[in-house]
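J.: Structure provided below as structure tokens; questions to follow.
Protein chains in written order, with the numbering used here: chain A, 1 to 240; chain B, 1001 to 1240.
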């Protein structure tokens, strides 16, 4: 049995050619020929059953045979805003796993205690696309460029907003207890700080801006594990 | 402020010397001297406030000042039995993350479709110890040597037992729905298969042996993500 091939093509319906990288994979690795069957994902809710209409050395054109609209498996919008770890591997695996488990938006925060102040999102975007294809997610999570903590929290957001931190002097509630007992809520934004945590001023500023102070359980988690835990708790509370 | 140092010493109370690797770290990296303060974890529920009593080139002896018994933050016993991935990195990060999040026992399964039939557990054990220290877990998860699928499922286990698989022809229920609505249960064993899944005969054999057929949500997860999801769901349902 031939393995079914999935390719990611933004706005696939108004297009008829695989993007460069997908074409290279289709032609050089999978050696697809004219007439071969393929599946295309547009990252915005549709799969397409398609056929290779032309395969040259460099180009792979396709013809859509059937549009297959997909259903979302969770309601609302899950947005993780996280300070990237010093070690890129850690934030990259978190991105892969969060995409597999399912979320909607990822923003990188530049915080007072951030050890990584610059981040190129192209590589993160590639990891997201690869995990979207591997886990057959109809919607591709949006990846935003790094933004300062202050700019992020002063931007209005839909739904409930949370900030995870470790300060014992600031009262916290458990994220999962909150979202699991509020079945009306449909959108969740969670902030996760850097290795050295948010500064206490950042936590207070977030609270002034409508963020609820939370913990992610009683375990002491690394930044990337906290990010994945926030996504998993949100996913479990919003799934359909 | 000096960072607090945690060292793992099995049976610490009946001992007065750091094991070789911990001693090297204490002496060469942290440069601890006689009289320095340290914390010791025995991996079975106790921390100890201790002091370096003798530091030579190779040996680091300690004296316990105070026993600090810890409380468990979840009830019962969470046991993950998983077929290791072909790529060791993936099973190693899962081990680290599952330890941070919190579980009790890890067994590696040799299944029909396993791509990895041999696994040295020493490296896995080191990763567990490192994550136990980093996340300050009072209990160290037990790591078992690889065992054949048949031997594992024919061994009696306490509590509810589950097998996660992707066969559509075998009815499945959602693990989180089951364990979250059964507040009496205290022990959970979950089996997760290799990249190519369990064989359908293995799934049927497990069911005959009292394993419940489950899914881990609607997402298509890689082996290591499925393992972490099983641990996270169990942890969320059993936490105190």
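The beta carbon of each residue, even a glycine, is placed where N, CA and C say it ideally should be.
The structure presented is a predicted model; accordingly, all values stated were derived computationally and were not measured.
Name, please, each residue of chain A whose Cβ falls closer than 9 Å to the Cβ of residue 1218 of chain B.
T.: Under the 9 Å cutoff, chain A gives 73, 74, 102, 239, 240.
J.: Residue 251 of chain A versus chain B: which residues are under 8 Å apart at the beta carbon?
T.: Residue 251 of chain A cannot be examined here, being either before or after the span of chain A that is shown, 1 to 240.
J.: Taking the alpha-carbon of residue 1018 of chain B as reference, which of B:1194, B:1062, B:1078 has the nearest alpha-carbon?
T.: Out of B:1194, B:1062, B:1078, B:1062 has the C-alpha closest to the C-alpha of residue 1018 of chain B.
J.: Between the region 49–67 of chain A and the region 78–92 of chain A, are three or more C-beta pairs nearer than 8 Å?
T.: no
J.: Of all Cβ atoms in chain B, is any one closer than 9 Å to the Cβ of residue 7 of chain A?
T.: no
J.: Of all the CB atoms in chain B, is at least one closer than 9 Å to the CB of residue 221 of chain A?
T.: It does: the Cβ of residue 221 of chain A has a partner Cβ on chain B nearer than 9 Å.
J.: What residue range does the beta strand (DSSP E) around residue 1080 of chain B cover?
T.: 1077–1082 is the span of the beta strand (DSSP E), which, as asked, contains residue 1080 of chain B.
J.: When you check each C-beta in the region 174–195 of chain A against every C-beta of chain B, which residues fall closer than 8 Å?
T.: 176
J.: Hey, would you say residue 1137 of chain B sits closer than 9 Å to residue 1233 of chain B, going by beta carbons?
T.: no
J.: I'd like the list of long-range same chain contacts for residue 6 of chain A, defined as Cβ closer than 7 Å, with 5 residues on each side in sequence excluded.
T.: 39, 41, 133, 136
J.: Are the region 198–214 of chain A and the region 91–99 of chain A touching, with three or more C-beta to C-beta distances below 8 Å?
T.: With the cut-off at 8 Å, the region 198–214 of chain A and the region 91–99 of chain A do not touch.
J.: Under the DSSP definition of a beta bridge, which residues are partnered with residue 1074 of chain B?
T.: DSSP output for residue 1074 of chain B lists B:1239 as bridge partner(s).
J.: Count the other CB atoms, across all protein chains shown, that sit within 10 Å of the CB of residue 1193 of chain B; report buried if there are 16 or more and exposed otherwise.
T.: buried
J.: Between which two residues does the alpha helix (DSSP H) harbouring residue 1207 of chain B extend?
T.: 1200–1208
J.: At a cut of 8 Å, does the region 1211–1225 of chain B reach the region 1151–1168 of chain B through at least three beta carbon pairs?
T.: yes
J.: Let me check understanding here. Comparing Cα to Cα, which of B:1149, B:1178, B:1173 lies closest to residue 1197 of chain B?
T.: B:1149
J.: Say whether chain A places a C-beta atom closer than 9 Å to the C-beta of residue 1001 of chain B.
T.: In this predicted model, residue 1001 of chain B has a pLDDT of only 42, less than 50, meaning its place in the structure is not dependable; the value taken from the coordinates is given anyway. Closer than 9 Å: no.
J.: Nearest CA to the CA of residue 1011 of chain B: which residue from B:1029, B:1047, B:1028, B:1021?
T.: B:1047
J.: Does any residue of chain A have a CB that is nearer than 9 Å to the CB of residue 1229 of chain B?
T.: yes
J.: Is there a Cβ of chain B sitting closer than 9 Å to that of residue 233 of chain A, yes or no?
T.: yes
J.: Quick one: residues in its chain with C-beta nearer than 6 Å to the C-beta of residue 14 of chain A, no 5 flanking neighbours on either side, listed in chain order?
T.: none
J.: With H, G and I counted as helix, E and B as strand and the rest as coil, what does DSSP make of residue 1001 of chain B?
T.: Since pLDDT at residue 1001 of chain B reaches only 42, below the 50 mark, its modelled position is unreliable, and the value read off the structure follows with that caveat. Residue 1001 of chain B: coil per DSSP, three-state reduction.
J.: Looking at the structure shown, is residue 1123 of chain B part of a helix, part of a strand, or coil, going by DSSP?
T.: helix
J.: Counting beta carbon pairs with one atom in the region 1171–1178 of chain B and one in the region 1103–1113 of chain B, are three or more of them shorter than 8 Å?
T.: no
J.: Could you please give me the residues that DSSP links to residue 63 of chain A through a beta bridge?
T.: For residue 63 of chain A, which the question treats as bridged, DSSP gives the partners A:51.
J.: In angstroms with no decimal places, state the Cα-to-Cα distance between residue 1237 of chain B and residue 163 of chain A.
T.: Answer to the nearest angstrom: the Cα atoms are 23 Å apart.
J.: Suppose you measure from the CA of residue 218 of chain A to the CA of residue 1231 of chain B; what does that come to, to the nearest Å?
T.: 15 Å
J.: Taking a contact to mean a Cβ-Cβ separation below 9 Å, would you say residue 115 of chain A touches residue 22 of chain A in this structure?
T.: No, they are not a contact pair.
J.: Give the range of the alpha helix (DSSP H) segment to which residue 250 of chain A is assigned.
T.: Residue 250 of chain A is absent from the structure shown; chain A starts at 1 and stops at 240.
J.: Can you tell me whether DSSP reads residue 173 of chain A as helix, strand or coil?
T.: strand
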